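**Student:**
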Amino acid sequence: MDSAPSENGVLIWIATLFKIKICGIKSVKDAQLVALAGADAIGLNFYDKSPRYVDQETAAKIVAAAPARVAKVGLFVNAAPDKVNKLAEELRLDWLQLHGDESPDYLAELVDRPVLRAIRLSAENQAEVADYVRACCDVRQLGAVLVDKFRDGTFGGTGEQIKWAELAENKWMTSECPLVLAGGLTPFNVEEAIGVVRPDAVDVASGVESHPGAKDLLMVRAFTTAAKKAFAKIDNAG
């Protein structure tokens, strides 16, 4: 993530989208190992009902230890804008990921950071999703949209897979901005998923864990290798 000073000295954050994000990092060790494995973004989960929740003190240590080239993404679920802004400023987060029921107007209350808006997709809500993305972009240009599997009563991170072919046919829903694919990705299916959907980036949490919140380095390494291979195929195909 880059920043540049404006004429009045205020930092302006420039959105450079990552390719491979590993979400739910809970320790300095995991952050460093994930970076060595080839990920270019880590997710810090500030939703206290999640098994991947991390407190501010631990998050600060993770941010300080992670390489500068790795984007630090803060994940929030229906958090007060003041809390989001405070953590973004104090931790110098590169991206803000919204994973709850935040309204488009909510975006206007956030500090200057690119927003990764997560949407939970089902066969029944595609038109609603498209309308929501357009409404968000009327308020503030999104850095990217993350597509996850819808499950009633949850806010993602379930490990459930979306229908890739269906998403590929309906990418018009998120055509206003880059697409980040999530939902049930693993080292064993991410190459196929990227080939079918052709997203701009991928995001994984449970698919590279030995148990909720515990990253498995071998799985992370296998995931990043497979994802890079798939993205390279797309780039080479033109």
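Going by this note's numbering, the residue at position 138 of the sequence shown is 138; the numbering climbs one at a time, nothing skipped.
All C-beta atoms, glycine included, are put in the ideal place defined by N, C-alpha and C.
The model shown is predicted, which means the values in this text are computed figures rather than measured ones.
Could you please give the first and the last residue of the uninterrupted beta strand (DSSP E) stretch that includes K21?
**Tutor:** That run of the beta strand (DSSP E) goes 20-23.
**Student:** So V147 and V133 are in contact, right, with Cβ under 8 Å, and what is the actual spacing, rounded?
**Tutor:** Going by Cβ atoms, the distance from V147 to V133 rounds to 10 Å, so no, they are not a contact pair.
**Student:** Quick check on A130: does DSSP put it in helix, strand or coil?
**Tutor:** helix
**Student:** For G74, write down the residues that DSSP places opposite it in a beta bridge.
**Tutor:** L44, L96
**Student:** If you drop the 5 nearest sequence neighbours on each side, which residues of the same chain put their C-beta closer than 6 Å to that of E176?
**Tutor:** V133, C137
**Student:** Tell me the rounded alpha-carbon separation between K29 and I162.
**Tutor:** Rounded to whole angstroms, K29 to I162 spans 31 Å at the Cα level.
**Student:** Can you give the Cα-Cα distance for D216 and A65, rounded to whole angstroms?
**Tutor:** 19 Å
**Student:** Quick one: what does DSSP say S210 is sitting in, helix, strand or coil?
**Tutor:** For S210, the secondary structure class from DSSP, reduced to helix, strand or coil, is strand.
**Student:** According to DSSP, simplified to helix, strand and coil, what is K26?
**Tutor:** coil
**Student:** Apart from the five residues just before and just after N81, which ones in its own chain have a Cβ nearer than 7 Å to its Cβ?
**Tutor:** Here residue 81 is Pro; the residue named in the question, Asn, does not match the sequence. Hits under 7 Å: Y106, E109, L110.
**Student:** Can the beta-carbon of G38 be found less than 8 Å from the beta-carbon of L75?
**Tutor:** no
**Student:** Taking a contact to mean a Cβ-Cβ separation below 8 Å, would you say V41 touches K21 in this structure?
**Tutor:** It should be noted that the sequence gives Ala, not Val, for residue 41. Going by C-beta atoms, A41 is nearer than 8 Å to K21.
**Student:** What's the C-alpha gap between G24 and N236?
**Tutor:** 31 Å
**Student:** Inspect the beta-carbon positions of A226 and L17 and report whether they are closer than 8 Å.
**Tutor:** no
**Student:** Do P104 and G212 have their beta-carbon atoms positioned less than 8 Å apart in this structure?
**Tutor:** Per the sequence shown, residue 212 should be read as Pro rather than Gly. Not in contact: P212 and P104 (Cβ atoms no closer than 8 Å).
**Student:** Mind checking which residues open and close the alpha helix (DSSP H) that includes K228?
**Tutor:** Element bounds for K228: 217-237.
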